[in-house]
Structure formats: structure tokens, C-alpha cells
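Novice: Each residue of the sequence shown is one higher than the last, beginning at 131 in this note's numbering. We treat Cβ as the ideally placed atom computed from N, Cα and C, and that holds for glycine. Note that the coordinates shown come from a computational prediction; the quantities given were computed from them, not determined experimentally.
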Amino acid sequence: MIKTRKNRLIYQCEGLIVTKTLKPPKLKIVYWGCRIMKIKPWSIGRVAKLSNRKLYGYALTLKTDALRAIGILEEITDIFAKRGIPIIDLETSCMPEAIRIIIYVDLTNVGIPSGEVSKKLSEVKFVRAIDEIKPINEGLIIDYVHFPPVLMGDRVVLLRKPVFDALIKGGYEKFGSAYAVFLYNVGFKMGIEGYKSHLKLVGNKSDTLLKFGGMIFEHVGFGIVEVEGVDKFSLRATCKVYKSCECELFKGANEPSSHFIRGMLAGWFTGFFNQGMIAKEIECIAKGDEYCRFKILRKY
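#1: Please report the distance separating the alpha-carbon of A442 from that of K193.
#2: So what's P154 in DSSP terms, helix, strand or just coil?
#3: When you compare the CB positions of F318 and A367, do they come within less than 7 Å of one another, or not?
#4: How about G343 and H328: are their beta carbons less than 7 Å apart?
#5: At which residue ranges does the segment 161-207 contain complete beta strand (DSSP E) runs of 3 or more residues, listed in the order of the chain?
#6: Pick from C377, V235 and E420: whose alpha carbon is nearest that of K264?
#7: Helix, strand or coil, according to DSSP, for Y325 in the structure here?
#8: Please tell me whether G393 and Y314 are closer than 7 Å, where the distance is taken between their beta carbons.
#9: Identify, in the order they occur along the chain, each residue of the same chain with its Cβ nearer than 8 Å to the Cβ of F210, setting aside the five sequence neighbours on each side.
#10: To the nearest angstrom, report how far apart M320 and K326 are at their CA atoms.
#11: Going by alpha carbons, who is nearest to R290 out of L197, K362 and C375?
#12: Which residue marks the beginning of the beta strand (DSSP E) containing P424, and which one marks its end?
#13: What span of residues does the alpha helix (DSSP H) with G245 cover, start to end?
#14: In whole angstroms, what separates the C-alpha of Y274 from that of L185?
#15: Could you give the uninterrupted runs of the beta strand (DSSP E) lying entirely in the segment 211-237, keeping only those of 3 residues or more?
#16: Run through DSSP, which three-state label would G333 get?
#17: By alpha-carbon positions, which one of K179, V357, A189 and K299 ends up nearest to I271?
#18: Measure the C-alpha to C-alpha separation of G163 and D337 and round it to an integer number of angstroms.
#19: Assign E411 to one of two classes, buried (16 or more other C-beta atoms within 10 Å of its C-beta) or exposed (fewer than that).
#20: Excluding the 5 residues preceding and the 5 following A196 in the sequence, name in chain order all residues of the same chain whose CB lies nearer than 7 Å to its CB.
#21: If you reduce the DSSP assignment to three classes, tell me which class R392 lands in.
#22: Keeping to the same chain, check which residues put their C-beta closer than 8 Å to that of I260; ignore five residues upstream and five downstream.
#23: Would you kindly report the start and end of the unbroken alpha helix (DSSP H) that includes E303?
#24: Indicate whether K370 and Y421 have their beta-carbon atoms separated by less than 7 Å.
#25: What residue range does the beta strand (DSSP E) around I373 cover?
#26: Which of helix, strand or coil does DSSP assign to N239?
#27: With a 10 Å radius around its C-beta and 16 neighbouring C-beta atoms as the bar for buried, classify I426 as buried or exposed.
#28: How big is the Cα-Cα spacing for I231 and S223?
#29: Taking V286 as part of the beta strand (DSSP E), name the residues at either end of that continuous run.
#30: Figure out for me which residue from L365, K381 and F380 has the closest Cα to the Cα of M407.
#31: With 16 as the cutoff for other CB atoms within 10 Å, does R176 come out buried or exposed?
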């Protein structure tokens, strides 16, 4: 929906309402977030656990031509369906050099040799190689065939909450309040580098950068960010972060507790504005607020 009001143009673009001044051009841009958040957890990590079940896995490598082929997944899953083998997990990975598929199945009460299934899978068009994945123990299986995990071509490191907790809270136990300065500066550097990466991936269009940066922030698990306002004329922004991975660790602290995420936002917007920025946390879930809210301002 597009509306024109005097010298203002207002339009909605995939979850962002964008307001631009028409005259003078490029003087001021303000973005208002209007995305409705719903918490829907997604299991990652290529790990399956079902107690007292006989789990087994197949790792398929396909030629890249399979990406444009029709019915390949159907042909693969039919091999299991025709043998009465339930699939409990199926994941695909599209890489420049190959298409990879992980399939975990439940062989409990299925009297079919795993080798027979591998033979049938190898006959599917475009399949280049098959690796069988054996369970670690009964009911637990993990992909040990593929390494490293990547996101958009870059290597990633996955941290479960107990490890992330140790990284954040453990530092305070060892170094005291000075650790907050360390976290802020690490976050700041990460924010700047993240912005540079996003710029290369999606270009310099402001609304696209804001949307993509927020979605990546959410995708990797830092939290759900809502950009309330961005003013490129006065160089300031306001953001909400729901379910902050950092501040959730400090619930009950009764004070703003974001340093790592706060630094990350300051660094990202330093790149966005091309000016040194700082971030101040004015609301925080650690002190009982519904979300963490940040003001991003010029450093000087």
C-alpha cells in the first residue's frame, strides 16, 4: 500500500513501513518495524534422539544438476516408504560443488539390511555417493560425515545454552565487572564485520540491509530484533530485542544486563551510518521488562 502526503512518501515493504522525504532527496529516511513475532523453535544440528529405537542414517551426495530436477526427493523417500521404514529427519544442503541430503530413519522392527537400502539409493539419478551413519548408541544418532557447518558459505560454530552460559556468565565469575567491557568490544567488532558481510551479500539499499541484518540476527539465535525507528539524518535508531540470548541468562538481576548484544548493535549501526555509534539499553528482560530496548546514538 502506497500513500503520498505532502512531500512524504509512505509505503509498506515486507514487514517494514518506510517513510522517505521526497524533497530534498536522501535527506532523511525513517524505518518503522511492524513485524508480529511468533516463537516457533527449530531443531538444528543433525542430531536425533529417540529412546529405545533402532536409528540409522544415510548421507547422500548428489550432482548439482539435481537442484533443477523434478521428483528426486520423492524418488528417494519412496525407497523408504515402500519398505515400511519411517523417516524421522530429512535435511538438505545446497553447496556449490554438490547437493547433500541427510536422512535418519527408524529401523525398529524392520527386517531389512541397511545395505539393501543403500544399494537402492545409489540407483537414483544424480546420486554420486552414499555414506551410512551408524548410531552412537541405541536411540541416539549424530552426523559425523560432514564438517564444517556453514551458513551462506562461511563456517559457523554452534553453541548450546550450557556452553554459551559458561562463555558469558563464566567470564564475570573470573574477571568481575570488567568482563562487561570485553563483551561490549567483542560484540562491537562482530557487529561491524557482520555489517560488512551483509553489505556484500545484499547491497547498500537501506531497507534491505535492515531486514536482512535483523533476520540473520534471529536466524543464528541471538534474539528477535525489531527496528522501531532509524533516522539517517540525525544518526539515531531505536531497536527492541525479544528473547535476547544474553539477557535471558541474567533474569532477576534487576538492572540492564546487555553488553555483548548492545556492542553488536552499536557496531552494526556504525557500519550502517558510517559514523561511530554507541548503544544504550533502556529496557531489559533481566530487570523484568517484556523485551530489551536499545537507543543507538552518535558516539560524539
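Specialist: In terms of the structure at hand:
#1: Coverage of the chain is limited to positions 131 through 430, which leaves residue 442 absent and any answer about it impossible.
#2: Reliability of the predicted coordinates at P154 is poor, the pLDDT of 37 falling under 50, and the value obtained from them is presented with this limitation in mind. Correct three-state label for P154: coil.
#3: In this structure, F318 keeps its C-beta atom at 7 Å or more from the C-beta atom of A367.
#4: It is a contact, given that the beta carbons lie within the stated cut-off.
#5: Segments of the beta strand (DSSP E) lying fully in the segment 161-207: 177-179 and 185-192.
#6: Shortest Cα-Cα distance from K264 to any of C377, V235 and E420 involves V235.
#7: Here Y325 carries a helix assignment [DSSP, helix/strand/coil].
#8: Against a cut-off of 7 Å, the Cβ pair of Y314 and G393 comes out as a contact.
#9: If we look at F210 and ignore the five residues flanking it on each side, its Cβ neighbours are P216, I217, I233, V235 and V247.
#10: The straight-line gap from Cα to Cα measures roughly 10 Å.
#11: The residue with the shortest Cα to Cα distance from R290 is C375.
#12: The sequence shown places Phe at residue 424, not Pro. C422 to R428 is the extent of the beta strand (DSSP E) around F424.
#13: From DSSP, the alpha helix (DSSP H) with G245 extends over S244 to S252.
#14: Cα-Cα distance, rounded: 14 Å.
#15: List check, beta strand (DSSP E) in window: 217-224 and 229-236.
#16: If DSSP states are grouped into helix, strand and coil, G333 belongs with coil.
#17: Taking I271 as reference, the option from K179, V357, A189 and K299 with the minimal CA-CA separation is K179.
#18: With a pLDDT of only 45 at G163, under the threshold of 50, the placement of this residue in the model should not be trusted; the figure read from the coordinates follows. Rounded to whole angstroms, the gap between the alpha carbons of G163 and D337 is 11 Å.
#19: Classification for E411: buried.
#20: Answer for A196: I202, I229 and F256, listed in chain order.
#21: The three-state secondary structure of R392, taken from DSSP, is helix.
#22: Closer than 8 Å at the Cβ level, and outside the excluded window around I260, lie Y188, A189, L190, T191, S248, L251 and S252.
#23: E303 -> alpha helix (DSSP H) spans K291 to F305.
#24: In contact: K370 and Y421 (Cβ atoms closer than 7 Å).
#25: The sequence given here places Lys at residue 373; Ile does not occur at that position. Membership of K373 in any beta strand (DSSP E) is not indicated, and neither H nor E is assigned to it by DSSP.
#26: Coil.
#27: I426 should be labelled buried.
#28: Going by the C-alpha atoms only, they are around 6 Å apart.
#29: V286: not part of any beta strand (DSSP E); DSSP gives it neither H nor E.
#30: Among L365, K381 and F380, the Cα nearest to that of M407 is on L365.
#31: It is buried - the Cβ of R176 has at least 16 other Cβ atoms within 10 Å.
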